[in-house]
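Protein chains: 2
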Amino acid sequence: MNSLDELTHELFTFFNGFSSWENSVIKTSDLTVSEAHAIEILGNHGQMKMKTLAQHLGVTTGTTTVTVDRLEKKEYATRESVKEDRRIHLITLTEKGQHAFAEHHQYHSNLTEQILSVLSSEENEQLVKILKKINAEAF
Amino acid sequence: MNSLDELTHELFTFFNGFSSWENSVIKTSDLTVSEAHAIEILGNHGQMKMKTLAQHLGVTTGTTTVTVDRLEKKEYATRESVKEDRRIHLITLTEKGQHAFAEHHQYHSNLTEQILSVLSSEENEQLVKILKKINAEAF
DNA sequence: TATGTATTGTTTGATGTTCAAAGTAATTTT
DNA sequence: AAAATTACTTTGAACATCAAACAATACATA
């Protein structure tokens, strides 16, 4: 196996591991995958309008409408229209939503710690540096 | 931001980038996401029975039945029962399926090259080493 | 200011993903 | 031979997603 294939293999193994870890974490909660993603984004960036949320999620506004409908029904978020432009609806996490976000973030930290535990502190530094580069330039 | 949060953030940014890249690649093909995953696994491991495929996919055999139904209809794979144990069905990629696998693998290599292009050869080696450790021990 | 255009968000109809539970067929165990 | 187990399929339900059509609001310009 050449060096390119080797890295390809490790990258996709890593991605798949990450992916199934995430799904299993979400399954332990009261949330569906799309609801969890929406809460993640709202938690990280604060209140935003439908369109912005849809862009962050990488889906259409139609899909986002359905997701936010459920978040509202389950009381994780609220919709409110803006006085200055009544087309716009701002989505905001409720207390319950913020709590779910904090909990989800804790799971993420746990996975990071699990990953760190198999690396030396030197490798830790290398990984952060490499990921920063990739995230900034590669996608 | 502390060091743990920093790595968490970079890890999940990386994961999300990877994820949306993969979805957009699959969208350019004739395949759905679950079909593409099945082809990926069959291409990497060769022919296998339904149950094994389901385990690799991380879904139930019921779900796998549906996926393989479609792969068969679209002529990417075939089902054949085994003489020695007629409960077992072996799934095999057709020519067309193998071609799709090769094409998908090429896309993966392209992404890896794209990632490599922003890294020094030293960082490349570090990344492979780190990923191997994580994949072997962390999940 | 009136009309046409653009934007924001919702609804609808279609396809796909997934699971759990129930069902079928074949094999193994007792 | 009966009971238990295994491999797979079917079914019904919830969820995810899109494209296209729609409604409400805002903006632009003639």
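Sequence lines, in order, name chains A and B. So the first sequence is residues 1 to 139, counted in my numbering. So the second sequence is residues 1 to 139, counted in my numbering. C-beta atoms are modelled at their ideal positions from N, C-alpha and C, and glycine is treated no differently. None of the values given here were measured: they were computed from a predicted structure.
Closer than 7 Å at the beta carbon, the chain B residues around A:Q114: Residue mapping note: residue 114 of chain A aligns to position 114 of the first sequence, counting from 1. Near A:Q114 (Cβ distances below 7 Å), the residues of chain B are A138.
Please report how far the alpha carbon of B:R86 lies from the alpha carbon of B:G62, in whole angstroms. What you label residue 86 of chain B is simply residue 86 of the second sequence in a count that begins at 1. What you label residue 62 of chain B is simply residue 62 of the second sequence in a count that begins at 1. Rounded to whole angstroms, the gap between the alpha carbons of B:R86 and B:G62 is 18 Å.
With A:A77 as the anchor, note down where its beta strand (DSSP E) starts and where it stops. Working through the first sequence from its first residue, we reach residue 77 of chain A at position 77. Element bounds for A:A77: A77 to S81.
When you compare the CB positions of B:T13 and A:S109, do they come within less than 9 Å of one another, or not? Walking along the second sequence from the start, residue 13 of chain B turns up at place 13. Walking along the first sequence from the start, residue 109 of chain A turns up at place 109. Between B:T13 and A:S109, the CB-CB gap reaches or exceeds 9 Å.
Which residues, in chain order, does the stretch 124-135 of chain A contribute to contact with chain B at a C-beta distance below 8 Å? The residues in question are N124, Q126, L127, V128, K129, I130, L131, K132, K133, I134 and N135.
Does the beta-carbon distance from B:A138 to A:S3 come in below 9 Å? Within the second sequence, numbered from 1, the residue matching residue 138 of chain B stands at position 138. Within the first sequence, numbered from 1, the residue matching residue 3 of chain A stands at position 3. A:S3 sits away from B:A138, with the two beta carbons spaced by 9 Å or more.
Residues of chain A with CB under 9 Å from B:V59, in chain order? Here residue 59 of chain B corresponds to residue number 59 of the second sequence, with the count starting at 1. Neighbourhood of B:V59 in chain A, by CB distance below 9 Å: empty, with the nearest CB roughly 10 Å away.
Is the shortest distance between the beta-carbon of B:V118 and the beta-carbons of chain A less than 9 Å? Locating residue 118 of chain B in the second sequence gives position 118, counting from the first residue. Taking 9 Å as the threshold, the shortest C-beta distance from B:V118 to chain A falls below it.
Kindly indicate if chain B contains any beta-carbon less than 9 Å away from that of A:H108. Along the first sequence, one-based indexing puts residue 108 of chain A at 108. Closer than 9 Å: yes.
Short of 8 Å in beta carbon distance, which residues of its chain neighbour B:L57, apart from the five on each side in sequence? Order them along the chain. Working through the second sequence from its first residue, we reach residue 57 of chain B at position 57. Taken in chain order, the residues that qualify are S34, H37, A38, I41, T63, T64 and T67.
Element boundaries [beta strand (DSSP E), containing B:T92]: By one-based count along the second sequence, residue 92 of chain B stands at place 92. Per DSSP, the continuous beta strand (DSSP E) segment holding B:T92 begins and ends at H89 to L93.
Under the three-state reduction of DSSP, which class applies to B:M1: helix, strand or coil? Stepping through the second sequence from its first residue, residue 1 of chain B is reached at position 1. Reduced to three states, the DSSP call for B:M1 is coil.
In whole angstroms, what is the alpha-carbon distance linking B:Q106 and A:I88? The residue given as residue 106 of chain B occupies position 106 in the second sequence. The residue given as residue 88 of chain A occupies position 88 in the first sequence. Distance between the alpha carbons of B:Q106 and A:I88 is about 43 Å.
Are at least three pairs of beta-carbons, each pair with one atom in the stretch 120-137 of chain B and one in the stretch 120-131 of chain A, less than 8 Å apart? Because the criterion of three Cβ pairs below 8 Å is met, the stretch 120-137 of chain B and the stretch 120-131 of chain A touch.
I'd like the ranges of any alpha helix (DSSP H) spanning at least 4 consecutive residues and lying wholly in the stretch 22-81 of chain B. Within the stretch 22-81 of chain B, the complete alpha helix (DSSP H) runs of at least 4 residues are 33-45, 50-57 and 61-73.
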